[in-house]
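Q:
In this note's numbering, the protein residues as written are 0 to 230.
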């Protein structure tokens with residue numbers, strides 16, 4: 000017999016202090032023996048042929064592990080994006096709330112100014128009519144009152160334009176808030192999809208692990224039967 004190359008011995012038989020044989024896996028790597036070794040020397044048993052199903056299972060497990068790592072990275076990235084968008088939405092909502100409050104106060108203020116201007120214009124017009132009924136000798140006072148009335152009307156028009164502009168700004172802020180909420184919903188849907196894919200891969204991995212454990216149990220049973228035959 001020539002030199003035998005041992006790639007891996009799955010099990011070795013050892014004798015304990017009581018003289019009984021026990022099995023263990025020493026995990027031998029490539030070694031060469033100058034002299035032939037039989038099944039009874041050091042309890043060595045030649046390795047059995049590898050099952051191609053085990054190789055395929057190992058390949059699938061490795062592929063699932065890589066997919067699992069990729070999905071976990073995508074899931075963490077989606078979680079970071081969600082937190083970023085949530086923080087952004089909170090800041091924007093707070094800013095919008097304060098801005099809307101400020102704009103509402105400003106609108107109320109300008110409305111009061113407009114009402115005051117209208118009331119003042121009405122009073123001035125009434126006074127002017129009274130002046131005209133009383134006498135026609137106060138031409139200068141009448142001209143002054145007319146100028147004041149015109150200024151108030153112009154101011155009223157400016158206030159009305161400013162109120163309209165402020166209302167447009169409020170509408171734009173509300174539209175921006177709606178867009179941000181839609182973006183947040185899209186991110187949440189992506190997160191739910193990634194979680195579903197991750198759960199599916201985990202279930203597949205559990206199935207593969209179960210098949211692998213079942214295969215290992217069958218190999219252990221075959222090994223024990225072989226030891227019983229040798230005894």
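All C-beta atoms in this analysis are idealised placements derived from N, C-alpha and C, irrespective of residue type, glycine included. These numbers come from a predicted model, not from an experiment.
(1) Pick out whichever of 157, 201, 214 and 217 has its Cα sitting closest to the Cα of residue 62.
(2) Tell me which same chain residues have a C-beta within less than 8 Å of the C-beta of residue 159, skipping the five on either side of it?
(3) Give me the Cβ distance between residue 74 and residue 182, rounded to the nearest whole Å; I'm assuming they're in contact under 8 Å.
(4) Count the other CB atoms, across all protein chains shown, that sit within 10 Å of the CB of residue 215; report buried if there are 16 or more and exposed otherwise.
(5) Contact between the segment 105-124 and the segment 190-210 is defined here as three or more beta-carbon pairs at a separation below 8 Å; is this criterion met?
(6) With residue 165 and residue 97 assumed to form a contact (beta carbons below 8 Å), what rounded beta-carbon distance in angstroms separates them?
(7) Ordered along the chain, which non-local residues of its own chain (more than five positions away) have a Cβ less than 8 Å from that of residue 172?
(8) Distance check for residue 209 and residue 65, CA to CA, integer angstroms please.
(9) To the nearest angstrom, report how far apart residue 190 and residue 217 are at their CA atoms.
(10) Which word fits residue 151, buried or exposed, when buried means at least 16 other C-beta atoms lie within 10 angstroms of its C-beta?
(11) On a CA-only basis, which of 88, 92, 106 and 80 is nearest residue 163? Give me that one, please.
A: A quick look at the data gives this:
(1) 201
(2) 113
(3) 19 Å between Cβ atoms; not a contact.
(4) exposed
(5) no
(6) Not quite, the Cβ-Cβ distance comes to about 15 Å (not below 8 Å), so this is no contact.
(7) 95, 98 and 99
(8) 19 Å
(9) 41 Å
(10) buried
(11) 106
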